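Colleague: Structure incoming, see below.
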Amino acid sequence: PGDKKIAVVFVLGGPGSGKGTQCAKIVENYGFTHLSAGDLLRAEIKSGSENGTMISNMIKEGKIVPAEVTINLLQKAMLESGNDKFLIDGFPRNEENRAAFENVTKIEPEFILFFDCPEEEMECRLLSRNQGRVDDNIETIRKRFKVFVESSLPVVGYYDLKGKVRKVDAAKTVNEVFDVVKDIFSPFHK
Ligand code: UP5
Ligand code: MG
């Protein structure tokens with residue numbers, strides 16, 4: 016915040032919709048720093064922080080970690096990056112997250128990149144990911160879907176009313192999805 020103009024894009028979409036995959040491609044082409052809230056939380060668990068056990072239990076149940084914890088990690092990562100353009104992936108996940116981020120940082124997102132994908136496709140992707148994530152099992156996946164519909168989709172609806180949602184059909188190949196993403200990011204040159 017302050018005098019320096021910071022550009023933030025929130026990247027939202029259900030579990031397995033391709034947020035991380037597409038963010039990596041946006042970074043290569045448009046000079047953004049990618050901050051995955053989930054990755055930051057998993058790194059916090061690994062670091063042995065005092066919040067680790069709480070975060071770990073929440074992730075195993077597909078529940079949303081209190082905003083304060085996630086926002087602290089995001090703010091630290093933003094400062095450390097030295098960049099002024101950020102893709103914030105997988106956050107805000109509920110109304111509490113959204114309101115707290117706005118109050119604490121005073122940052123208003125440029126727009127919301129929303130990956131729209133059917134649950135059957137997302138389930139199939141998550142079950143074949145094989146990266147050892149503790150939440151990639153069918154029981155937790157079902158809980159993640161429920162939390163997404165009940166708590167995260169309303170955040171997308173909130174920004175949609177403000178005309179800020181750029182919705183992308185995410186049920187295509189990685190490159191087909193990126194072709195659409197590219198058009199959305201074309202104003203942001205490296
Ligand atoms: N894949 C990707 N795109 C594809 C395509 N077009 N066609 C075919 N396959 C495709 O992709 C998932 C898999 O699909 C990969 O194997 C990929 O190769 C393939 P990925 O890009 O990883 O999708 P993504 O949307 O990033 O899926 P992810 O599982 O990361 O989404 P989640 O939102 O579930 O996970 P996240 O890490 O954001 O959060 C995990 C948990 O952390 C949450 O459930 C919650 O408990 C906690 N959390 C919070 O509490 N607060 C936060 O703010 C953030 C997280
Ligand atoms: Mg991800």
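In terms of the UniProt record's numbering, the sequence shown opens at residue 16 and continues consecutively. Here a beta-carbon is modelled for each residue, glycine too, at the ideal position from N, C-alpha and C. Note that the structure is predicted; figures quoted are calculated from it, not measured.
(1) Alpha carbon to alpha carbon, how far is Tyr45 from Ala22?
(2) By the DSSP assignment, the alpha helix (DSSP H) with Val119 in it spans what residues?
(3) Quick one, are the C-beta atoms of Val26 and Leu128 less than 8 Å apart?
(4) In this structure, what does DSSP give as the bridge partners for Ala92?
(5) My output table needs one value for Phe129: the three-state DSSP class, helix, strand or coil.
(6) Going by the beta-carbon positions, is the gap between Ser166 and Asn109 smaller than 8 Å?
(7) Excluding five sequence neighbours on each side, which residues of the same chain lie with their C-beta closer than 7 Å to the C-beta of Ile156?
(8) Using only alpha-carbon positions, find the residue among His49, Asn87, Asn152 that is nearest to Ile103.
(9) Is Phe47 near Lys100, with beta carbons less than 8 Å apart?
Modeller: For this structure:
(1) 12 Å
(2) 110–120
(3) yes
(4) DSSP output for Ala92 lists no bridge partner at all.
(5) strand
(6) yes
(7) Pro30, Glu138, Leu141
(8) His49
(9) yes
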